[in-house]
């Protein structure tokens with residue numbers, strides 16, 4: 001792996017083998033991460049960025065920043081955008097490492113689960129990272145008398161990714177449905193095709209919580225409140 005002089009000076013650490021933390025980070029990258037290489041007359045700039053909602057500040061500060069420090073000895077910078085927060089790092093070594101494990105430069109419309117994760121015990125960590133960035137947990141009120149029931153969904157522009165997630169879930173006893181939708185992008189407000197996988201009910205939720213879990217504080221808070229009002 002080619003590290004730049006700046007990478008060496010900053011003490012960038014590139015993983016040599018798979019870990020639970022790296023697998024979760026790969027899920028985060030699959031969800032909200034983005035690689036870019038920008039060339040100019042001043043040289044080449046290697047950028048890795050995670051785009052998040054401004055509501056995700058707790059997740060960024062308490063999960064993302066410590067995770068990247070632990071895996072890569074890397075300090076993420078935080079940038080306030082008009083409608084989102086961007087966590088980013090400029091590092092040739094990081095970008096080349098990510099390319100070596102299958103992440104593309106630019107758009108991720110056809111991204112899939114890495115072969116090194118599919119079928120491995122690290123797949124659950126990957127799914128946790130993916131859900132914490134591209135997933136949504138809600139508790140739906142069916143009627144006034146019944147308790148709210150859990151619903152989990154993951155949305156992606158990559159059909160291949162969603163169907164691979166479905167394969168993993170099916171093998172591990174989950175039931176789910178997959179739909180194709182047209183919706184406006186939350187940042188650009190332009191129409192785009194997305195694919196979504198849905199998991200309904202307490203059994204699916206309990207299995208997810210036991211096998212995969214949640215790292216995002218907003219989801220943990222939702223679960224705590226739901227259980228306090230009579231959930232599982």
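Residue numbers (the UniProt record's numbering): 1 to 232. We put the CB at the ideal spot given by N, CA and C, even for glycine. This structure is a prediction, so every number in the text was calculated from the model and none was measured.
Margin query: Mapping the DSSP letters down to three states, classify residue 77 as helix, strand or coil.
Written below: strand
Notebook entry, point to check: Excluding the five sequence neighbours on either side, which residues of its own chain have a C-beta within less than 6 Å of the C-beta of residue 230, listed in chain order?
Noted result: 147
Next item on the list: With a threshold of 16 other CB atoms inside 10 Å of the CB of residue 135, please say whether the residue is buried or exposed.
Entry: buried
Next item on the list: Tell whether a beta-carbon distance below 9 Å holds between residue 109 and residue 39.
Entry: no
Note to self: Here's the rule: buried if 16 or more other CB atoms are within 10 angstroms of the residue's CB, otherwise exposed. What is residue 165?
What the structure shows: buried
Margin query: Does residue 92 pass the burial test, meaning 16 or more other C-beta atoms within 10 Å, or should it be called exposed?
Written below: buried
Margin query: Can you list, in chain order, the residues of its chain with a C-beta nearer than 7 Å to that of residue 94? Leave out the 5 residues immediately preceding and following it.
Written below: 12, 48, 72 and 74
Next item on the list: Tell me, please, which residues DSSP counts as bridged to residue 139.
Entry: 150
Notebook entry, point to check: Could you give the residue range of the beta strand (DSSP E) that holds residue 209?
Noted result: It is not in any beta strand (DSSP E) - residue 209 instead sits in the alpha helix (DSSP H) that spans 201 to 211.
Notebook entry, point to check: If we ignore side chains and look at the alpha-carbon of each, how far apart do residue 169 and residue 19 end up?
Noted result: 21 Å
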